[in-house]
Structures are given as structure tokens and as C-alpha cells.
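Peer 1: Got a structure for you, written out below as C-alpha cells; questions coming shortly.
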Amino acid sequence: MMKMGLKCCSEFSDNPFMGDMESFDVSKIILNLSKSSLELMYYILDTKYFLEDKFVFDINEFKKFANKKSDTSAIQALGELCSLNIIAKTKISRVYWVNRSVFLNKKEMEFLKNFLSSKNKK
């Protein structure tokens with residue numbers, strides 16, 4: 866698991882995911898994500914936040930969704946997804962850009978659901 870806080874993530878005034886993005890293998894990334902990061906990706910998918918360019922992250926709502934008790938794993942998950950260009954920080958606190966191309970790939974998101982489901986059974 867990659868432990869990375871939000872301090873390492875750059876802030877963007879404009880959407881960094883607009884225009885030509887290098888493509889990457891989402892399935893490969895999913896296989897290497899921490900459980901908290903997988904849960905955060907699923908949370909973004911489940912809440913349909915990916916349909917907009919950015920979303921407000923409510924840490925308490927996410928903790929309830931993922932059955933987390935502390936903020937630490939949620940913050941580490943944000944940092945991990947930022948480092949992998951799945952989300953990005955805006956200049957506004959708690960607001961994140963979403964790399965919509967990751968979430969609009971139905972095949973990859975089905976893989977995420979199945980992978981997370983199998984991980985939760987362990």
C-alpha cells in the first residue's frame with residue numbers, strides 16, 4: 866500500500882484532466898491500490914460524482930459509506946488517488962477534480978466492483 870498524504874499532491878485552478886490525457890491501464894492500477902483507495906473509487910462511482918468535473922469530498926460521509934472510524938485511511942486514499950491521476954486537488958479545500966475517463970469506462974468499473982467485492986470477502 867502506498868502511504869501518501871495530501872501534502873504531496875499539487876493543487877490545480879483548472880481541470881488537469883481536460884484535453885489529451887495519457888491512457889493508462891485502470892485494471893492494473895486497481896490491482897495495486899490499497900483497500901481504502903478502492904473504497905474511495907467505489908464511493909465516487911456509487912455517488913456518481915464522476916459525472917461532474919469536480920466534487921466536494923465529505924470525509925464523514927465517506928467514513929460512513931466505507932465503515933471507517935478514523936480520518937487517516939480516507940486522507941491516505943485521497944493522496945493515493947491524486948498521485949495516480951484519478952483525482953486532483955483544486956485550490957478550494959475539500960473540492961477535487963475527477964478524471965472522468967477512468968470512471969466512464971464501464972468494463973474497468975465492473976472490474977473495480979468485482980475486485981472490491983472479492984477483497985471484502987477475504
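Numbering (our numbering), first residue to last: 866 to 987.
All C-beta atoms in this analysis are idealised placements derived from N, C-alpha and C, irrespective of residue type, glycine included.
From a predicted model like this one, the values you see are computed outputs, not experimental measurements.
Which residue or residues does DSSP assign as beta-bridge partners of residue 961?
Peer 2: 920 and 954
Peer 1: Nearest-angstrom Cα distance between residue 933 and residue 978?
Peer 2: 19 Å
Peer 1: Give the straight-line distance between the Cα atoms of residue 902 and residue 915, rounded to the nearest whole angstrom.
Peer 2: 15 Å
Peer 1: So which of 910, 937 and 874 has the shortest CA-CA distance to residue 991?
Peer 2: What is shown of the chain runs 866 to 987, which leaves residue 991 out entirely.
Peer 1: Where does residue 877 fall in DSSP's three states?
Peer 2: strand
Peer 1: Assuming residue 900 contacts residue 961 under a Cβ cut-off of 8 Å, what Cβ separation, rounded to an integer in Å, is found between them?
Peer 2: The Cβ separation is near 20 Å, so there is no contact.
Peer 1: Please state whether the Cβ-Cβ distance between residue 940 and residue 946 is less than 9 Å.
Peer 2: no
Peer 1: I need the DSSP call for residue 888, collapsed to helix, strand or coil.
Peer 2: Residue 888 falls in the coil class under three-state DSSP.
Peer 1: Measure the CB-CB distance between residue 954 and residue 898 and report whether it falls below 9 Å.
Peer 2: no
Peer 1: From residue 867 to residue 968, what distance separates their C-alpha atoms?
Peer 2: Its pLDDT being 46, under 50, residue 867 is placed unreliably in this model, and the value from its coordinates should be taken loosely. If you take the alpha carbons of residue 867 and residue 968, they lie about 21 Å apart.
Peer 1: If contacts are defined as beta-carbon pairs under 8 Å, then residue 927 and residue 908 qualify, I think. What distance do you get, rounded to the angstrom?
Peer 2: With a Cβ gap of about 6 Å, residue 927 and residue 908 count as contacting.
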